[in-house]
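Note sheet for the following structure.
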Amino acid sequence: MDMELKQYAAIIWKWSWLIVMSTFLSAATALAVSWIMPPIYQASTTLLVSQASNPAVPVYQDILTSERLARTYQELLQKRPVLDKVISDLNLEVMPSELAEQMDVQLVRDTQLIELKVEDADPYLAMRLANKIPEIFVEQNEQMQLARFAASKDSLQAQLTTLESDIQTTQQAIDALRNSKDADAMELSRLEANLSQLRTSYSGLLQSYEEIRLAEAQSLDNVVVVEPAEWPEKPVRPRKLMNTLLAAALGCMLAVGGAFLIDYLDDTIKSPDDVVQALGLSPLGAISRIDGKGYEDRLIAAIQPRSHVSEAYRILRTNIQFSAVDRPLETLLVSSPNPIEGKSITVANLGVVVAQAGLSAILVDSDLRRPVLHKIFDLPNKEGLTTVLLEGEPNLDGRLQATQVENLRVLTSGPLPPNPSELLGSQKMKSLIESLKGK
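According to our numbering, the sequence shown is numbered sequentially starting from 2.
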């Protein structure tokens, strides 16, 4: 577990520049966009929905009806009739659908309250809209509910008017007969009976009219603005600080995820642990980078035998010797998958530490494209490996050059051939290696 945490920490540390840069750029971009965006203001109004009382309905049903009524009004507030009237009254140049997008109507949980929020770039317009929309809705709602009783009331009112006229006409006829000297008693009795009947009918109609008015008053659902909208002083969007922090966090997480993804997809070998995991082999040693202006400055085992790099080469020599306990080790091939990776420097320093241990060592520069062993040991390269291979019989006399290190000789590359792979794979090369083993 500790090893995994260390690996994770190492990955984060390795890609810390990417994480920091991504976090900074994300935060800076979010802040710049937030500054450019126009401010949006929000005004809110709270409405109370009072349901008409009905003694015949149980209490729990009344509660359910109130909730349904509030949800109904929540939807009606956003419908076209209300929005069209608001746009007309305020002389707005917007479509009802656009105005609906500026609105947010929500029910306050476990209450009969409706909260209306309106957003706009103009704070004054946002306040006017938040107050005007409930006003128009209340007017239209009352008109819609009153329309249910309007026909009955108009009919009764017309009948009452007619009866009033008939009663007045009959009363005048009775008064005229009573003032007449030759009044007809039967006609007067008939008129009085008719007047009594008219008054009885009028009383009945008037009672019906009052009953309808009472039913109308009891059945009206009332919507009241309990908290009107006020002038919004601060914009609700953009939230510069919040946007910047969220963008920074998102950029940081993306960078961390990207770092782990890159590390997961990277199958190159960079450490001894990678060798063990990828190849199942135990590394013989690890040599740190050697600094120096020229090749001769990198012969660290001879120049600075007490340095930690020289000690690493001695550990490499010891590990090589331990790996060949069962049979004598006479030849070593040092190679690399790509050019300029340090194989010549490795060969040179390894040869030095082997010679320093009292063993006879010969270095053969078989890099026939970029030979550098002669530069490292400051030796001439007129003759060397290619010269020996081109002769009929391999002759090493005078070709093995001594170095400043005792027991260490070098066979330089010699003139570079056009076909290095054919020379290195030839039978003469095998014969030469066998010949060098005896030396």
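Virtual Cβ for every residue (Gly too), placed ideally from N, Cα, C.
query                                                                                                                                                                            : result
Suppose you measure from the CA of residue 158 to the CA of residue 205; what does that come to, to the nearest Å?                                                               : 12 angstroms
Which same chain residues, not among the five before or five after residue 350, have their C-beta less than 7 angstroms away from its C-beta?                                    : 300, 301, 302, 314
Just mark residue 337 as buried or exposed, buried being the case when its beta carbon has 16 or more other beta carbons within 10 Å.                                            : exposed
Using only CA atoms, which one of 80, 102, 113 lies nearest to residue 51?                                                                                                       : 113
Does the beta-carbon of residue 245 have 16 or more other beta-carbons within 10 angstroms, so that it is buried, or is it exposed?                                              : buried
Run the proximity test for residue 188: is its beta-carbon closer than 7 angstroms to any non-hydrogen atom belonging to the ligand MN?                                          : Because no ligand of any kind appears in the structure shown, any question about the ligand MN cannot be addressed here.
Please state whether the Cβ-Cβ distance between residue 171 and residue 192 is less than 8 angstroms.                                                                            : yes
Measure the C-alpha to C-alpha separation of residue 176 and residue 187 and round it to an integer number of angstroms.                                                         : 14 angstroms
Taking the beta strand (DSSP E) that residue 314 falls in, what are its first and last residues?                                                                                 : From DSSP, residue 314 is part of no beta strand (DSSP E) but of the alpha helix (DSSP H) over 309–324.
Which partner residues does residue 283 have in the DSSP bridge list?                                                                                                            : Its beta-bridge partners do not exist; DSSP assigns none.
Do residue 127 and residue 75 have their beta-carbon atoms positioned less than 8 angstroms apart in this structure?                                                             : no
Drop a sphere of 10 angstroms on the beta-carbon of residue 353, count the other beta-carbons inside from all chains shown, and report buried for 16 or more, exposed for fewer. : buried
Which of the three DSSP states is assigned to residue 364 in this structure?                                                                                                     : strand
Are the region 328–344 and the region 377–387 in contact at 8 angstroms, needing three or more beta carbon pairs?                                                                : no
For the region 338–345 and the region 258–268, state whether three or more C-beta atom pairs, one from each stretch, are separated by less than 8 angstroms.                     : no
So does the region 248–258 actually touch the region 19–29, counting three or more Cβ pairs closer than 8 angstroms?                                                             : yes
By alpha-carbon positions, which one of 389, 435, 153 ends up nearest to residue 414?                                                                                            : 389
Kindly provide the ranges of any beta strand (DSSP E) runs that are 3 or more residues long and lie completely inside the region 218–285, ordered along the chain.               : 223–228
Determine, using beta-carbon pairs with one atom in the region 106–125 and one in the region 86–94, whether at least three such pairs fall under 8 angstroms.                    : no
Distance, Cα to Cα, residue 140 vs residue 80?                                                                                                                                   : 14 angstroms
Taking buried to mean at least 16 other C-beta atoms within 10 Å of its own C-beta, is residue 27 buried or exposed?                                                             : buried
Taking the alpha-carbon positions, what's the residue 82 to residue 30 distance?                                                                                                 : 43 angstroms
So, at 8 angstroms on beta carbons, what are the nonlocal neighbours of residue 369 in its own chain, with the 5 sequence-adjacent residues on each side left out?               : 386, 387, 414, 417, 418, 421, 424, 425
Over what stretch of residues does the alpha helix (DSSP H) that includes residue 104 continue unbroken?                                                                         : Unbroken run through residue 104 is the beta strand (DSSP E), 104–108; no alpha helix (DSSP H).
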